[in-house]
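The block underneath contains the structure these notes are about, expressed in structure tokens.
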């Protein structure tokens, strides 16, 4: 059974650019969450999607957005990149909304220069 | 003050030792408590999941939750070098097990 797949694994962008990260959940999982991991702040919740609807959002600026497609695949977008956006972005999926047992992907390492 | 506090370590113990990892929290609404293990260059992997107070055991791992003290623990018995990783506690509230709030993570090294 394939795990959560995130692409790309590594990304280098310039300040001011925008970026789109992709996440394919485990087959059958309908809930997808995104987290940002940095050495200083640790893992912080970005947002969660279920049935193509955003169900929860963390305390991040509007530059961070996401969406979920009918096949449960999800993308997150960061516009007008800042140096502080450099982080590991993790996607996690679970069977249902509110269900425990999230499975995380290996993440996308974003470096903003 | 962070909602979830976890000593970042690092913590280094000899192989075979019992390891105790802990987190404290301030939000009394938390009801779901989890422990994740994260190896370098990997995403977190769910180890243990507990709803409300109590103990849960799975092999060499035991998770304890004391909601009255707002304190959770993870014990690792007969620790192995392969247990060397960062351990993260996570918790969430009444809306369900999504929107996890994580501790900073404790970096653990088991020395052969």
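Protein chains in written order, with my numbering: chain P, 7 to 119; chain V, 148 to 259. Glycine is no exception: its CB is placed at the ideal position from the N, C-alpha and C atoms. The structure displayed is predicted, hence computed values, not measured ones.
How would you call residue i, buried or exposed, if buried means at least 16 neighbouring beta carbons within 10 angstroms?
i, result
"residue 38 of chain P", "buried"
"residue 188 of chain V", "exposed"
"residue 89 of chain P", "exposed"
"residue 198 of chain V", "exposed"
"residue 12 of chain P", "buried"
"residue 157 of chain V", "exposed"
Which partner residues does residue i have in the DSSP bridge list?
i, result
"residue 257 of chain V", "V:160"
"residue 231 of chain V", "According to DSSP, which records beta bridges pairwise, residue 231 of chain V is partnered with nothing at all."
"residue 223 of chain V", "V:166 and V:208"
"residue 177 of chain V", "None; residue 177 of chain V has no bridge partner."
"residue 73 of chain P", "P:81"
If I measure Cβ to Cβ from residue i and keep anything under 6 Å in the same chain, skipping five residues before and after, which residues do I get?
i, result
"residue 186 of chain V", "232"
"residue 222 of chain V", "167 and 209"
"residue 202 of chain V", "211"
"residue 78 of chain P", "31 and 36"
Quick one: what's got a C-beta closer than 8 Å to residue i's C-beta in the same chain, skipping five residues either side?
i, result
"residue 43 of chain P", "49, 50, 93, 94, 95, 96 and 113"
"residue 34 of chain P", "101"
"residue 155 of chain V", "251, 252, 253 and 254"
"residue 160 of chain V", "166, 226, 255, 256, 257 and 258"
Look at the Cβ atom of residue i, then the Cβ atom of residue j, and state whether they are nearer than 8 Å.
i, j, result
"residue 72 of chain P", "residue 81 of chain P", "yes"
"residue 109 of chain P", "residue 98 of chain P", "yes"
"residue 4 of chain P", "residue 75 of chain P", "What the structure shows of chain P is the stretch from 7 to 119, and residue 4 of chain P is not part of that stretch, so it cannot be assessed."
"residue 194 of chain V", "residue 107 of chain P", "no"
"residue 180 of chain V", "residue 240 of chain V", "no"
Quick one: residues in its chain with C-beta nearer than 7 Å to the C-beta of residue i, no 5 flanking neighbours on either side, listed in chain order?
i, result
"residue 150 of chain V", "172, 173, 174 and 248"
"residue 26 of chain P", "81 and 83"
"residue 170 of chain V", "151, 152, 153, 219, 236 and 250"
State the CB to CB distance for the pair residue i and residue j, rounded to an integer number of angstroms; the pair is presumed to be in contact (CB under 8 Å).
i, j, result
"residue 115 of chain P", "residue 41 of chain P", "13 Å between Cβ atoms; not a contact."
"residue 200 of chain V", "residue 213 of chain V", "6 Å"
Taking 8 Å as the CB-CB cut-off, is residue i touching chain C?
i, result
"residue 96 of chain P", "In the displayed structure, chain C is absent; the protein chains listed are P and V."
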